[in-house]
Amino acid sequence: MKLGNSKYLLGIMLIVIICIIVFTRGDSDNKILVDSKNIEYYFSQRDRNSDEKLIEAIDSARERVDMAIYILQRQDIVNAVISAKKRGVVVRIITDRDEAATNYEGKELKSLKREKIPIKINTHSGMMHMKVTILDNSSVAAGSYNYTDPATEENDEVLVIVKNNIIAEKWENKFNNMWLDTGRFRNY
Numbered sequence: 001m002k003l004g005n006s007k008y009l010l011g012i013m014l015i016v017i018i019c020i021i022v023f024t025r026g027d028s029d030n031k032i033l034v035d036s037k038n039i040e041y042y043f044s045q046r047d048r049n050s051d052e053k054l055i056e057a058i059d060s061a062r063e064r065v066d067m068a069i070y071i072l073q074r075q076d077i078v079n080a081v082i083s084a085k086k087r088g089v090v091v092r093i094i095t096d097r098d099e100a101a102t103n104y105e106g107k108e109l110k111s112l113k114r115e116k117i118p119i120k121i122n123t124h125s126g127m128m129h130m131k132v133t134i135l136d137n138s139s140v141a142a143g144s145y146n147y148t149d150p151a152t153e154e155n156d157e158v159l160v161i162v163k164n165n166i167i168a169e170k171w172e173n174k175f176n177n178m179w180l181d182t183g184r185f186r187n188y
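FYI, the numbering for the sequence shown is 1 to 188, going by the UniProt record's numbering.
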């Protein structure tokens with residue numbers, strides 16, 4: 001990997017970590033000290049296993065997987081989500097309405113709907129551009145990584161997994177606010 005790409009990806013990783021620490025807009029307590037042993041990060045070009053690490057996290061979920069993802073197209077991730085649902089894990093997905101309307105993501109979303117996995121899309125004027133998965137109120141996977149083949153195999157992306165109950169709870173609260181906001185989100 002070129003030195004310039006490494007610096008770029010390190011910059012993205014730092015931005016993601018900062019976002020993880022200060023995610024909840026409007027809260028006065030949206031900062032938390034996170035021990036570095038609770039943070040894992042994976043670069044798609046260098047590590048080439050962002051999908052595997054996300055799937056491991058989904059496979060380890062026992063109670064809940066909440067996913068706010070701009071694009072969900074990667075079949076192995078879709079399969080992991082379906083497997084989680086089949087083993088009794090509560091799964092909810094929020095995605096972008098424009099991406100959901102395309103053939104690129106539509107097939108995967110339809111297979112998730114067949115499995116009775118609830119999906120919501122945004123109705124507001126902006127994009128639902130998050131790339132976040134919250135697992136069991138104990139960890140959060142986030143970053144620039146869309147759950148797609150190009151993001152896994154071609155693009156320079158980063159996936160950061162933070163194992164911290166406090167952060168996961170705050171992000172779960174944000175997800176729940178989005179899920180219940182009928183003015184900005186609707187069923188797919």
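Each residue gets a CB set at the ideal place from its N, CA and C atoms; glycine is no exception.
- Nearest in C-alpha terms to glutamine 75, of all of Val90, Thr182, Arg87, Asn146, is Asn146.
- In the DSSP assignment, valine 160 is bridged to Tyr41, Ala142.
- A Cβ-Cβ contact shorter than 8 Å links tyrosine 188 with leucine 109.
- Per DSSP, lysine 131 is one residue of the beta strand (DSSP E) stretching across 131–135.
- Residue burial is scored here from C-beta neighbours: asparagine 165 has fewer than 16 other C-beta atoms within 10 angstroms and is therefore classed as exposed.
- Residue burial annotation: leucine 180 is exposed, with fewer than 16 other C-beta atoms found within 10 angstroms of its C-beta.
- Excluding its 5 nearest sequence neighbours in each direction, isoleucine 77 has C-beta neighbours in its own chain below 8 Å: Asp51, Leu54, Ile55, Ile58, Tyr147, listed in chain order.
- Spatial neighbours of isoleucine 71 in its own chain (CB-CB distance under 6 Å, excluding positions within 5 residues in sequence) are listed in chain order as Glu99, Glu105, Asn146, Thr148.
- When Thr102, Ala68, Ile167 are compared, the shortest CA-CA separation from serine 138 is found for Ile167.
- Where methionine 67 is concerned, the enclosing beta strand (DSSP E) starts and stops at 64–69.
- Secondary structure note for valine 78: its alpha helix (DSSP H) is the uninterrupted segment 75–86.
- In terms of Cα proximity to lysine 163, the closest of Ala80, Ile94, Ala142, Ile119 is Ala142.
- Looking at the backbone, the Cα of glutamate 157 and that of phenylalanine 43 are separated by about 6 Å.
- With contacts defined by Cβ atoms closer than 8 Å, lysine 85 and isoleucine 117 form a contacting pair.
- In the DSSP assignment, threonine 152 falls outside any beta strand (DSSP E) and within the unbroken alpha helix (DSSP H) covering 149–153.
- Pairing histidine 124 with arginine 184 gives a Cβ-Cβ distance under 8 Å.
- For aspartate 96, same chain residues with a beta-carbon under 8 Å away, outside a window of 5 residues either side, are Tyr70, Ile71, Ile121, Asn122, Met127, Met128, His129 in chain order.
- With fewer than 16 other Cβ atoms inside 10 Å of its own Cβ, serine 60 counts as exposed.
- For valine 89, same chain residues with a beta-carbon under 7 Å away, outside a window of 5 residues either side, are Ala61, Arg62, Glu63, Arg64, Val65 in chain order.
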